[in-house]
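Residue numbers (the numbering used here): 1 to 301.
Report on the structure given below.
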């Protein structure tokens with residue numbers, strides 16, 4: 001191996017309940033112009049590392065391998081081998097860590113579901129300003145009893161692999177943060193339920209037990225989420241390469257871009273195109289496999 005060569009790893013992860021063979025992964029890697037010098041199964045038939053070298057600046061082979069795998073229920077994450085284990089996880093909440101969009105769920109309770117869902121979708125696709133859309137949606141909830149929020153929270157469900165992701169990283173010394181463009185009334189209980197170390201979110205203004213329809217400033221938007229990642233990284237003296245971020249919406253792009261590994265999860269096209277890696281089929285435990293954890297190392301919450 002030349003002095004300028006970089007050792008890389010392509011981690012292939014199947015959708016839940018699916019399996020694949022070494023040959024499928026090796027052919028996809030070869031189609032991207034690389035050849036493996038080693039292999040390691042991380043989860044029998046479901047998660048596999050292929051190791052290869054790249055001369056000079058590591059190439060962006062992820063999209064090429066993804067194209068080769070387009071007919072298979074498999075995701076792939078490509079990164080330098082030496083920096084794959086992460087010491088900081090920063091995760092979006094709505095439609096990433098949990099399956100729902102919280103404001104959409106709240107809107108259904110007051111008969112505004114379609115209107116709010118349309119605004120949410122447009123904001124997450126980056127078609128309209130995130131802060132303006134958030135302010136407009138929150139105004140619809142003026143006068144709503146806070147107890148209604150508590151009722152919604154009880155029915156929010158973590159996405160597959162979310163609890164295992166957080167529990168395993170924490171058990172191995174990583175710091176975990178839930179960073180939401182939504183609100184603490186939702187994020188705080190979800191953060192406690194999944195045992196995140198910290199939670200960062202916006203605050204709804206409350207007066208005598210009812211929502212006023214206003215947000216307590218400042219609003220944490222795309223830039224704010226990115227700044228949280230930078231703050232947490234610098235506070236721990238970590239290099240960029242030691243950080244992992246995951247999200248699905250346009251307001252996550254800044255956060256994903258600042259992370260050593262930024263992963264778009266079931267993301268909108270604009271987000272997927274800008275992220276270093278994408279998860280469209282596998283669940284959130286793929287983020288553990290990407291760090292070199294084997295299935296036997298997973299900690300179930």
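In this text, a Cβ means the ideal position worked out from N, Cα and C, and glycines have one as well.
Small disclaimer: the values here were computed from a predicted structure and weren't measured.
message: Between 10, 82 and 151, which has its C-alpha nearest residue 60's C-alpha?
response: For the purposes of this step, residue 60 is taken as residue 60 along the chain shown, with counting starting at 1. The candidate whose alpha carbon is nearest that of residue 60 is 10.
message: How far does the alpha helix (DSSP H) with residue 181 in it extend, from its first residue to its last?
response: Start at 1 with the first residue of the chain shown, and residue 181 comes out as number 181. Premise fails: residue 181 lies in the beta strand (DSSP E), 175-183, not in any alpha helix (DSSP H).
7 Å Cβ cutoff met for residue 284 and residue 165: Here residue 284 refers to the residue found at position 284 of the chain shown. Here residue 165 refers to the residue found at position 165 of the chain shown. The answer is yes: Cβ separation under 7 Å.
- prompt: Taking Cβ to Cβ, would you say residue 47 is nearer than 7 Å to residue 13?
  reply: Within the chain shown, the letter at position 47 stands for residue 47. Within the chain shown, the letter at position 13 stands for residue 13. Going by C-beta atoms, residue 47 is nearer than 7 Å to residue 13.
message: Rounded to the nearest angstrom, what separates residue 163 and residue 295 at their Cα positions?
response: What you label residue 163 is simply residue 163 of the chain shown in a count that begins at 1. What you label residue 295 is simply residue 295 of the chain shown in a count that begins at 1. About 14 Å.
message: Measuring only the C-alpha atoms, how far is residue 17 from residue 215?
response: Taking the first residue of the chain shown as position 1, residue 17 is located at position 17. Taking the first residue of the chain shown as position 1, residue 215 is located at position 215. Taking the straight line joining both Cα atoms gives about 42 Å.
task: Kindly identify the DSSP beta-bridge partner or partners of residue 108.
output: The sequence position of residue 108 within the chain shown is 108, counting from 1. Paired residues: none, contrary to the question.
Spatial neighbours of residue 248 in its chain, beta-carbon cut-off 6 Å, leaving aside the 5 residues before and after: As a working mapping, residue 248 is identified with position 248 in the chain shown. Once the five neighbours on either side are set aside, the close Cβ partners of residue 248 are 95, 96, 265, 266 and 267.
query: In chain order, which continuous runs of the beta strand (DSSP E) of length 3 or greater are located wholly inside the stretch 112-195?
result: 175-183
message: Between which residues of its own chain and residue 1 is the CB-CB distance below 7 Å, once the five residues before and five after are set aside?
response: One-based indexing of the chain shown puts residue 1 at position 1. Low per-residue confidence applies at residue 1: pLDDT is 47, beneath 50, and the placement is therefore not dependable, though the value from the model is reported in the following sentence. Once the five neighbours on either side are set aside, the close Cβ partners of residue 1 are 53.
- prompt: What is the DSSP secondary structure of residue 8, counted as helix, strand or coil?
  reply: What you label residue 8 is simply residue 8 of the chain shown in a count that begins at 1. Correct three-state label for residue 8: strand.
field: Pairwise C-alpha distance: residue 288 and residue 171
entry: Here residue 171 refers to the residue found at position 171 of the chain shown. Here residue 288 refers to the residue found at position 288 of the chain shown. Approximately 12 Å between the Cα atoms of the pair.
- prompt: In whole angstroms, what is the alpha-carbon distance linking residue 192 and residue 34?
  reply: Reading the chain shown from its first residue, position 192 is the one you call residue 192. Reading the chain shown from its first residue, position 34 is the one you call residue 34. Taking the straight line from one Cα to the other gives about 43 Å.
message: Rounded to the nearest angstrom, what separates residue 87 and residue 143 at their Cα positions?
response: Your numbering for residue 87 matches position 87 in the chain shown. Your numbering for residue 143 matches position 143 in the chain shown. C-alpha separation (whole angstroms): 42 Å.
- prompt: Helix, strand or coil: how does DSSP classify residue 2 here?
  reply: Taking the chain shown and counting its residues from 1, one reaches residue 2 at position 2. Model confidence at residue 2 stands at a pLDDT of 49, short of 50, so the residue's coordinates are unreliable and nothing is read from them.
message: Give me the residue from 229, 277, 43 and 133 with the minimum Cα distance to residue 103.
response: Your numbering for residue 103 matches position 103 in the chain shown. Answer by Cα proximity: 133.
- prompt: residue 231 to residue 77, Cα distance in whole Å?
  reply: Numbered from its first residue, the chain shown carries residue 231 at position 231. Numbered from its first residue, the chain shown carries residue 77 at position 77. Looking at the two C-alpha atoms, the distance is approximately 26 Å.
query: On the three-state DSSP scale, how would you describe residue 293?
result: Numbered from its first residue, the chain shown carries residue 293 at position 293. DSSP places residue 293 in coil when its eight states are reduced to three.
query: With C-beta atoms as the reference, is residue 261 less than 7 Å away from residue 244?
result: For the purposes of this step, residue 261 is taken as residue 261 along the chain shown, with counting starting at 1. For the purposes of this step, residue 244 is taken as residue 244 along the chain shown, with counting starting at 1. Closer than 7 Å, so yes.
- prompt: Could you give the C-beta distance for residue 194 and residue 149, rounded to a whole number, given that I count them as a contact under 8 Å?
  reply: Numbered from 1 along the chain shown, position 194 holds the residue referred to as residue 194. Numbered from 1 along the chain shown, position 149 holds the residue referred to as residue 149. Contact flag wrong, Cβ pair sits at about 18 Å.
query: Along the chain, which unbroken stretches of the beta strand (DSSP E) at least 3 residues long are found entirely within the stretch 22-101?
result: 38-43, 47-55, 74-80 and 88-91
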